[in-house]
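Quick mapping for you: the protein sequence lines, in order, are chains Y and H. Numbering of the first sequence is given in this note's numbering, commencing with residue 1 and proceeding in unit increments. Numbering of the second sequence is given in this note's numbering, commencing with residue 289 and proceeding in unit increments. Glycine is no exception: its CB is placed at the ideal position from the N, C-alpha and C atoms. A short write-up of the structure that comes next.
2 protein chains.
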Amino acid sequence: MNHVNAFLKDSKTRVELVLDQVLPPITHRPTTLHEAMRYSMMAGGKRLRPALCYAAFEDCGGQGDAADWGASALEMVHTFSLIHDDLPCMDDDDFRRGIPTCHKKFGEAMAVLAGDALSILAFQVLARSGNAQAVTILAEALGSDGMLGGQVVDIESEGKPCTLETVDYIHVHKTSALIEASLELGSVLAGANAEQRKLYRDYGRAIGLAFQIVDDILDIESSTEALGKDVGSDIENQKATYPAVVGLEESKKQARILVDRAVEFAGRMGPRSAVLADLARFIVERGN
Amino acid sequence: MNHVNAFLKDSKTRVELVLDQVLPPITHRPTTLHEAMRYSMMAGGKRLRPALCYAAFEDCGGQGDAADWGASALEMVHTFSLIHDDLPCMDDDDFRRGIPTCHKKFGEAMAVLAGDALSILAFQVLARSGNAQAVTILAEALGSDGMLGGQVVDIESEGKPCTLETVDYIHVHKTSALIEASLELGSVLAGANAEQRKLYRDYGRAIGLAFQIVDDILDIESSTEALGKDVGSDIENQKATYPAVVGLEESKKQARILVDRAVEFAGRMGPRSAVLADLARFIVERGN
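Structural data, given as structure tokens:
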């Protein structure tokens, strides 16, 4: 797994340099907004979505800086979703990535606006690729039939008995959609055709779902200290999770099956095949 | 002014047909989110930004349906901004366009998400034009150096003594930016060159600023009933407005000067010159 850690580290360094360039400086008016945007963007995180975008881009033989626009846009929309999810009217979380959430630090109004601004900046930066199709992919993954749809069903399912079908809907929309898009964006920005794109999407669907199931498991088995965010909140809020519906052991089994499937998809890929296979394995092993 | 009313009516009919097609049906999951999106989108309004987009598009000799993507995207991002502006952590308004605001009807979480989803759908729809430059124009107008920047400075200026420079910053960013973009989008989607685009931007800047000054004036002189939203809230909230800084009479004079300037710009335009001149005049005369 050493090359996965090296790949994640390199991707993180690369996307953080791009982010530092595309985020407005905190000296630029309105300074509070730009400070809030940078505060949440630069709070760390694995930068998994950018890494997946870079991996798919390289796997498809992409050249130049087009993947930088995709990778930085993905991390901005991911952070936008975290800032809004953490709001008092949503999950009401106080900590994220080990530090106070955006609204705890800057107030609710600024957190709403910082999230909005990051989402919009993502499209602005992605449009630099000159590729309108890339904009379509990101928007579809985020919208009411993607991530936001998953978030709504997640909220509406709280405290109610839940079926596996609903948990799948939530996970596929709230988490997988953006992970699928990370891979598809990387391939599209490298000029991949429709058939190639499908392979990356299939791989993304598998690791995205596995990622969220592992997240559900970590919320039960990990500690606030290790994770840098509140844990145990899923049970407390009666959230729709895999362990709640199928139990802890079956959840672990499903995550392993999904990762095996992803590894199989990765086997059909190009020069980054080995890294993509190990990125899939990394997802179930993190936090353990 | 009869042809302006006819033009506004035709544009409104046209963009509402497009909106009905691009907004997901309320039968589509998650139904509450789609209901909230349609509730705020279909609550009426003058549809001024779509009208400006259509006018510029036609003035530049544009053909086909490209302007429909621009016009519907503009109305969606405008509504997104209203939904978020009305939130309790922002302006905390209960009524908009004569009916309860989105969060009063659907709750805060759903209002945040409906705004997010409309903003994202706008980029999705605009990308159908295949024009990445159009995406850039919309994103720049909305972002932290555009509309959202104006919103932040507006919030931060509440209850404080305010300079004309700051009021200008707020109005140009919070209101003019999107109106300028409406005109520039129309011209770009019609294939206009950089010089033409500048003319529409200049016209848009003038009418955008006039529009917001008139809005400030109406907040003092009109009634809740006539306007369909809370009035008098600017004074109550000690908002940064033109009348607060330069007085009511000087504000009216400035609005007239700006409209005269816009009419002059319109005089240099093409076949829609007369409509664009009258749209500028319409802006100062509405509500009087």
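How would you list, in chain order, the residues of chain H whose beta-carbon sits under 8 Å from the beta-carbon of residue i?
i, result
"residue 294 (chain Y)", "In the structure displayed, chain Y extends from 1 to 288; residue 294 (chain Y) sits before or after that span and is not available."
"residue 124 (chain Y)", "423, 424, 427, 428, 431"
"residue 99 (chain Y)", "Neighbours of residue 99 (chain Y) on chain H: none; closest Cβ ~21 Å, over 8 Å."
"residue 121 (chain Y)", "427, 431, 432"
How many Å lie between residue i and residue j at the Cα?
i, j, result
"residue 312 (chain H)", "residue 324 (chain H)", "11 Å"
"residue 96 (chain Y)", "residue 77 (chain Y)", "16 Å"
"residue 270 (chain Y)", "residue 59 (chain Y)", "5 Å"
"residue 155 (chain Y)", "residue 475 (chain H)", "42 Å"
"residue 315 (chain H)", "residue 349 (chain H)", "39 Å"
"residue 496 (chain H)", "residue 362 (chain H)", "14 Å"
"residue 198 (chain Y)", "residue 171 (chain Y)", "20 Å"
"residue 304 (chain H)", "residue 294 (chain H)", "15 Å"
"residue 183 (chain Y)", "residue 526 (chain H)", "49 Å"
"residue 576 (chain H)", "residue 506 (chain H)", "Confidence in residue 576 (chain H) is poor, its pLDDT being 41 and thus under 50, which makes the residue's placement too unreliable to answer from."
"residue 368 (chain H)", "residue 402 (chain H)", "8 Å"
"residue 153 (chain Y)", "residue 399 (chain H)", "14 Å"
"residue 117 (chain Y)", "residue 100 (chain Y)", "20 Å"
"residue 428 (chain H)", "residue 70 (chain Y)", "17 Å"
"residue 108 (chain Y)", "residue 84 (chain Y)", "10 Å"
"residue 534 (chain H)", "residue 554 (chain H)", "28 Å"
"residue 502 (chain H)", "residue 201 (chain Y)", "50 Å"
"residue 468 (chain H)", "residue 563 (chain H)", "17 Å"
"residue 281 (chain Y)", "residue 55 (chain Y)", "15 Å"
"residue 264 (chain Y)", "residue 339 (chain H)", "52 Å"
"residue 249 (chain Y)", "residue 159 (chain Y)", "22 Å"
"residue 11 (chain Y)", "residue 47 (chain Y)", "8 Å"
"residue 277 (chain Y)", "residue 256 (chain Y)", "13 Å"
"residue 432 (chain H)", "residue 33 (chain Y)", "7 Å"
"residue 39 (chain Y)", "residue 135 (chain Y)", "25 Å"
"residue 89 (chain Y)", "residue 386 (chain H)", "25 Å"
"residue 381 (chain H)", "residue 105 (chain Y)", "24 Å"
"residue 86 (chain Y)", "residue 103 (chain Y)", "8 Å"
"residue 546 (chain H)", "residue 41 (chain Y)", "40 Å"
"residue 9 (chain Y)", "residue 572 (chain H)", "57 Å"
"residue 232 (chain Y)", "residue 169 (chain Y)", "22 Å"
"residue 561 (chain H)", "residue 167 (chain Y)", "56 Å"
"residue 257 (chain H)", "residue 279 (chain Y)", "Limits of chain H in this structure are 289 at one end and 576 at the other, which puts residue 257 (chain H) out of reach."
"residue 235 (chain Y)", "residue 173 (chain Y)", "21 Å"
Please list, in chain order, the chain Y residues whose beta carbon lies closer than 8 Å to that of residue i.
i, result
"residue 320 (chain H)", "152, 156"
"residue 317 (chain H)", "149, 153, 169"
Run through chain Y and tell me which residues come within less than 7 Å of residue i, C-beta to C-beta.
i, result
"residue 377 (chain H)", "108, 109, 112"
"residue 415 (chain H)", "132, 135, 136, 139"
"residue 312 (chain H)", "144, 145"
"residue 405 (chain H)", "143, 144, 148"
According to the neighbour-count rule (16 or more other Cβ atoms, all chains shown, within 10 Å of its Cβ), is residue i buried or exposed?
i, result
"residue 556 (chain H)", "exposed"
"residue 541 (chain H)", "exposed"
"residue 291 (chain H)", "exposed"
"residue 529 (chain H)", "buried"
"residue 175 (chain Y)", "buried"
"residue 439 (chain H)", "buried"
"residue 65 (chain Y)", "exposed"
"residue 63 (chain Y)", "exposed"
"residue 164 (chain Y)", "exposed"
"residue 20 (chain Y)", "exposed"
"residue 449 (chain H)", "exposed"
"residue 332 (chain H)", "exposed"
I believe residue i touches residue j by the beta-carbon criterion, under 8 Å. Please report the beta-carbon distance rounded to the nearest angstrom.
i, j, result
"residue 262 (chain Y)", "residue 210 (chain Y)", "7 Å"
"residue 420 (chain H)", "residue 194 (chain Y)", "With a Cβ gap of about 20 Å, residue 420 (chain H) and residue 194 (chain Y) do not count as contacting."
"residue 473 (chain H)", "residue 430 (chain H)", "Residue 473 (chain H) to residue 430 (chain H), Cβ: 12 Å. No contact."
"residue 286 (chain Y)", "residue 178 (chain Y)", "No, residue 286 (chain Y) and residue 178 (chain Y) are not in contact; Cβ-Cβ is about 17 Å, not under 8 Å."
"residue 306 (chain H)", "residue 379 (chain H)", "Actually they do not touch by this definition, with Cβ atoms about 29 Å apart."
"residue 119 (chain Y)", "residue 189 (chain Y)", "19 Å between Cβ atoms; not a contact."
"residue 318 (chain H)", "residue 149 (chain Y)", "5 Å"
"residue 411 (chain H)", "residue 123 (chain Y)", "5 Å"
Requested in this report: Could you please tell me which residues of the stretch 37-52 of chain Y, in chain order, have their CB closer than 8 Å to any CB of chain H?
Outcome: Under the 8 Å Cβ criterion, the stretch 37-52 of chain Y contributes 37.
Query raised in the report: Can you list, in chain order, the residues of the stretch 66-90 of chain Y whose Cβ is nearer than 7 Å to any Cβ on chain H?
Result: The residues in question are 84, 87, 89, 90.
Requested in this report: Using a Cβ-Cβ cut-off of less than 9 Å, list which residues of the stretch 488-499 of chain H approach chain Y; keep chain order.
Outcome: Listed by position along the chain: nothing, the set is empty.
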